[in-house]
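The opening position of the sequence shown corresponds to residue 85 in this note's numbering, with each subsequent residue numbered one higher.
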Amino acid sequence: MYRSMYPHSPLALSFQPQRPRVPRLEFVSGSRCLASLWIVCQHFSPHSSDGALVKALWRSDAAVDYFIVLSGFVTHWASRGAFAALQRHRDDAARWRDGAKKWYGRRFGRVLLATYVAMAASWAMVAAAGGDAAPGHVGRCVLLVESWLAPARWCPDGQTWTVAALAPSWLLYPAVYDRLVYERPAKVLAPLGLALAALPTAVAVGLLRRGDAPFGSVHDAMYLWPPAQLCDFLLGAVRGRKRERHAQLQRLRSRPCSTRFG
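Structure follows, in structure tokens:
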């Protein structure tokens, strides 16, 4: 009675079941800061020498790749199998569609607004300087499809190519990726992770031995072409599932024996 009359009072809220708090992963913020610093230094630090530091700066594409993997990790860590759990029950199909729509809205809505603002500002500067601002080219950039085409052409604010590279993985995650890693044991995740890590390297070595690549160059095919990032994103999702499993075991071990075994 009291809860129905005053649903938001402290006393009523005390009767409601509390969701387990998602632990904060400090390494995400720290590693993201270091990777960002690596990329910024590569783009803006003067490269006046040929020392070891300059060579390290030019390998900042490894930091970019880390962000792709981290996106898969954080995506799965936040979702925690929510879509896969609903897919197991036919009666929950409507809820799955509703949840997927909201997830797509949040995922793309947050990113595309910043992407388009940066792209519009860069387009204005490129057009004023007489650069590559053809309407067809810019239109394909807005639709996130320019990086699918060869030869590679940089869009206004060219570093937004990462959004186009991640878009296929974001689209696949609710229906495919989440279900693929949901509740998988370590004996399945470990070889899957190793295969995902080794496959891009094997493909790159094969392209180098052939001496050509389907996208114009090995660099563009394995770096800028969006399908090349599917394995990296899924590798992050696999690691997110393993970290989730580790957190579950930690919570189980922290419980008293009476509640752990019933």
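A virtual CB, placed ideally from N, CA and C, is assigned to each residue, including glycine.
Whose CA, out of the options, lies closest to the CA of residue i?
{"i": "Gln-313", "options": "Val-158, Arg-194, Ser-253, Leu-233", "result": "Ser-253"}
{"i": "Thr-246", "options": "Asp-176, Val-148, Lys-139, Ser-120", "result": "Val-148"}
{"i": "Ala-234", "options": "Leu-308, Val-112, Asp-145", "result": "Leu-308"}
{"i": "Leu-255", "options": "Lys-185, Ala-286, Glu-267", "result": "Lys-185"}
{"i": "Thr-285", "options": "Leu-273, Ala-270, Val-302, Lys-271", "result": "Val-302"}
{"i": "Pro-269", "options": "Arg-237, Asp-216, His-221, Arg-329", "result": "Arg-329"}
{"i": "Asp-216", "options": "Val-226, Arg-237, Ala-282", "result": "Arg-237"}
{"i": "Gly-290", "options": "Cys-315, Ala-305, Leu-170", "result": "Ala-305"}
{"i": "Trp-122", "options": "Gly-295, Trp-187, Leu-137", "result": "Leu-137"}
Please list the terminal residues of the continuous alpha helix (DSSP H) segment that includes residue i.
{"i": "Glu-110", "result": "110 to 128"}
{"i": "Trp-207", "result": "177 to 212"}
{"i": "Ala-251", "result": "245 to 256"}
{"i": "Phe-299", "result": "Run containing Phe-299: none; DSSP gives neither H nor E here."}
{"i": "Val-158", "result": "145 to 163"}
{"i": "Leu-264", "result": "262 to 265"}
{"i": "Leu-308", "result": "Premise fails: Leu-308 is in no alpha helix (DSSP H) and is neither H nor E."}
{"i": "Ala-236", "result": "Premise fails: Ala-236 is in no alpha helix (DSSP H) and is neither H nor E."}
{"i": "Leu-141", "result": "136 to 141"}
{"i": "Val-226", "result": "219 to 226"}
How many angstroms separate the CA atom of residue i from the CA atom of residue j?
{"i": "Phe-151", "j": "Arg-179", "result": "31 Å"}
{"i": "Tyr-266", "j": "Ser-113", "result": "25 Å"}
{"i": "Gly-220", "j": "Met-209", "result": "17 Å"}
{"i": "Ala-248", "j": "Ser-133", "result": "33 Å"}
{"i": "Pro-258", "j": "Ala-168", "result": "8 Å"}
{"i": "Arg-181", "j": "Gly-189", "result": "12 Å"}
{"i": "Met-203", "j": "Thr-244", "result": "8 Å"}
{"i": "Val-272", "j": "Phe-157", "result": "17 Å"}
{"i": "Lys-224", "j": "Ala-218", "result": "Note on residue identity: the sequence assigns Arg, not Lys, to residue 224. Each residue's Cα considered, the two are about 10 Å apart."}
{"i": "Pro-275", "j": "Val-153", "result": "17 Å"}
Cβ atoms of residue j and residue i: under 8 Å apart, would you say?
{"i": "Leu-292", "j": "Val-322", "result": "no"}
{"i": "Ser-163", "j": "Phe-317", "result": "no"}
{"i": "Ser-144", "j": "Gln-126", "result": "yes"}
{"i": "Ala-251", "j": "Pro-310", "result": "yes"}
{"i": "Val-222", "j": "Pro-240", "result": "yes"}
{"i": "Gly-324", "j": "Asp-262", "result": "no"}
{"i": "Leu-170", "j": "Gly-183", "result": "yes"}
{"i": "Leu-227", "j": "Gly-277", "result": "no"}
Is residue i buried or exposed, if buried means 16 or more other CB atoms sit within 10 Å of its CB?
{"i": "Ser-120", "result": "exposed"}
{"i": "His-160", "result": "buried"}
{"i": "Pro-130", "result": "exposed"}
{"i": "Ser-231", "result": "buried"}
{"i": "Val-201", "result": "exposed"}
{"i": "Phe-345", "result": "Confidence is the limiting factor: at Phe-345 the pLDDT is only 46, short of 50, which leaves the residue's position unreliable and the question unanswerable from this model."}
{"i": "Lys-326", "result": "buried"}
{"i": "Trp-207", "result": "buried"}
{"i": "Arg-194", "result": "exposed"}
{"i": "Trp-142", "result": "exposed"}
{"i": "Cys-315", "result": "buried"}
{"i": "Arg-191", "result": "buried"}
Within 7 Å: the Cβ of residue i and any heavy atom of the ligand FMN?
{"i": "Arg-179", "result": "For the structure depicted, the ligand FMN is absent and the ligand set is empty, with no information on it obtainable."}
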